[in-house]
Every structure is written in structure tokens, then in C-alpha cells.
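> Numbering (the numbering used here), first residue to last: 2 to 129. Before we start, here is the structure in question, set down as C-alpha cells.
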């Protein structure tokens, strides 16, 4: 996983978490809320975006909190990404999957940052 980056203007720590797959099952593309596509295109070119195939997690925090987290350094043994495969289909280059991420946990040397996305979605549905 790449080192997270802090956006001072937004007050957001951007973390990109790789989406794991079962050994031997190669997926050419992942779609779903928060996933970074494996390919992008304009009128003249096609490219692979930075962090392609990762889940983008944005966490609101102060600059001092973000600095403290980043100084600790990563400890991936506590990383966790819980997701549901909504559907899988065949497209030009091979199988693609739509996933719905339920929970993300990112480990650091002295702490773990965890987000339960199902609670956020439930709050959004209740507000409608």
C-alpha cells in the first residue's frame, strides 16, 4: 500500500487500500463506490490511473492528527478490507467484478484506523 497523503485544503487523509483476491483468480477490473478504476480514457489516450485497483478511503482529520499518524509508519499486519462481491462478468480483457466495501482497517505502528462503511450507508438511507 502506498503512503497516505494529507490534503490540507480539504482536511482529509487519503488512503488507498489494495483490494485482495483469492489466489488464482485474476480480475481485470473492479467497480463499485470508492474503487479506483483500472483504466481511464480521454478522446486521445488511454491510461492506468495511479492507485488503480485500490479502494480510496478518505478520513477527515486535523493536520496534527495526520502528521502523528504518518510519523508512526505503516504496519500492514492489521490491515483489513471486508467486501462483498456484488457480481462478476466477462468483458474484453477478462473477468471484472463489482464490489461493495463494508469495512476498512489500516494498521499503523501504534494504532489502527478503522471505518465501518455500513453504518455510514445506513445513516444516509435513514436521512432520505
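Don't be surprised by glycine CBs; every beta carbon is placed ideally from N, CA and C. Owing to the predicted nature of the structure, the values given are computational and were not obtained by experimental measurement.
Does DSSP put residue 69 in a helix, a strand or coil?
As a first step, residue 69 must be located in the chain shown, where it is residue number 68. If DSSP states are grouped into helix, strand and coil, residue 69 belongs with the helices.
> Smallest Cα separation from residue 48: which of 64, 56, 55, 38?
Position 47 of the chain shown, counting from 1, holds the residue named residue 48. It is 38.
> For residue 87, which residues of its own chain have a beta-carbon under 6 Å away from its beta-carbon, when the five flanking residues on both sides are left out?
Counted from its first residue, the chain shown places residue 87 at position 86. Excluding positions up to five away in sequence, the list reads 99, 101.
> Please state whether the Cβ-Cβ distance between residue 55 and residue 83 is less than 7 Å.
The residue given as residue 55 occupies position 54 in the chain shown. The residue given as residue 83 occupies position 82 in the chain shown. The answer is no: Cβ separation not under 7 Å.
> Give the straight-line distance between the Cα atoms of residue 36 and residue 11, rounded to the nearest whole angstrom.
Against the chain shown, residue 36 aligns to sequence position 35. Against the chain shown, residue 11 aligns to sequence position 10. Between residue 36 and residue 11, the C-alpha separation is close to 20 Å.
> Taking the Cβ atom as the reference point for each residue, do residue 60 and residue 14 lie within a distance shorter than 7 Å?
Walking along the chain shown from the start, residue 60 turns up at place 59. Walking along the chain shown from the start, residue 14 turns up at place 13. Yes, these two residues count as a Cβ contact at 7 Å.
> By Cβ distance below 6 Å, which residues in the same chain neighbour residue 73 in space, the five residues on each side in sequence not counted?
Working through the chain shown from its first residue, we reach residue 73 at position 72. If we look at residue 73 and ignore the five residues flanking it on each side, its Cβ neighbours are 109, 110, 111.
> Taking only the alpha-carbon atoms, compute the straight-line gap between residue 113 and residue 44 and give it to the nearest angstrom.
Walking along the chain shown from the start, residue 113 turns up at place 112. Walking along the chain shown from the start, residue 44 turns up at place 43. Roughly 42 Å between the two C-alpha positions.
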